[in-house]
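Numbering (our numbering), first residue to last: 20 to 153.
Every residue, glycine too, gets a C-beta built ideally from N, C-alpha and C.
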Amino acid sequence: MNDINNKEMFPIQQSYSKEEQIKRYWKCNYTTVESQLAYWILLPKDVKPVQIEKQPIEGLDINNIGQYVSIDKTCPLLEVSVYYEHCWYEMNSADWLAKKLNLMGESILHYRKINGTSTGTYADILTEKTINKD
Numbered sequence: 020m021n022d023i024n025n026k027e028m029f030p031i032q033q034s035y036s037k038e039e040q041i042k043r044y045w046k047c048n049y050t051t052v053e054s055q056l057a058y059w060i061l062l063p064k065d066v067k068p069v070q071i072e073k074q075p076i077e078g079l080d081i082n083n084i085g086q087y088v089s090i091d092k093t094c095p096l097l098e099v100s101v102y103y104e105h106c107w108y109e110m111n112s113a114d115w116l117a118k119k120l121n122l123m124g125e126s127i128l129h130y131r132k133i134n135g136t137s138t139g140t141y142a143d144i145l146t147e148k149t150i151n152k153d
């Protein structure tokens, strides 16, 4: 997805009314017996789960706990992955994410810093990764 101007796939600014959001997106509310693995995320209606079981990522000490992929083959592929890592010390989540994206070879197309209240800084990041299909 080289064209981040495709506002249908990834709007940089939220400009939809509540009715339009309901029409275009669904709220995935994933819960599990392990409470730290619970999350919610808004996804476009054509993005569906392909894997929701905890899968370790070799060499990164993290687990993929959710993978969602667009099913509309007429649009660019949109893949959303949810990762989890147990950390033994306190850190900023935005720094954690930037480090892991770098290790995975992801290129950052858009970065938005979100200041939390007392919980630190978060990041909303759009990335791309070209995968050779030799």
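The DSSP-derived three-state label of S34 is coil.
The DSSP-derived three-state label of D91 is coil. Along the segment 78-139, the beta strand (DSSP E) occurs as fully enclosed runs of 3 or more residues at 81-89, 98-103, 126-134, listed in sequence order.
For E39, the three-state secondary structure derived from DSSP is helix. The C-alpha of C94 is placed about 15 Å away from the C-alpha of L62.
Residue burial is scored here from C-beta neighbours: I84 has at least 16 other C-beta atoms within 10 angstroms and is therefore classed as buried. Taking every protein chain shown into account, the CB of A113 has 16 or more other CB atoms within 10 angstroms, so this residue is buried. Straight through space, the alpha carbons of Y35 and K119 are spaced by roughly 31 Å. Inclusion of S126 and K148 in the CB contact set at 8 Å is warranted, their separation being smaller than that value. Y87 is a Cβ neighbour of V69, given a cutoff of 8 Å.
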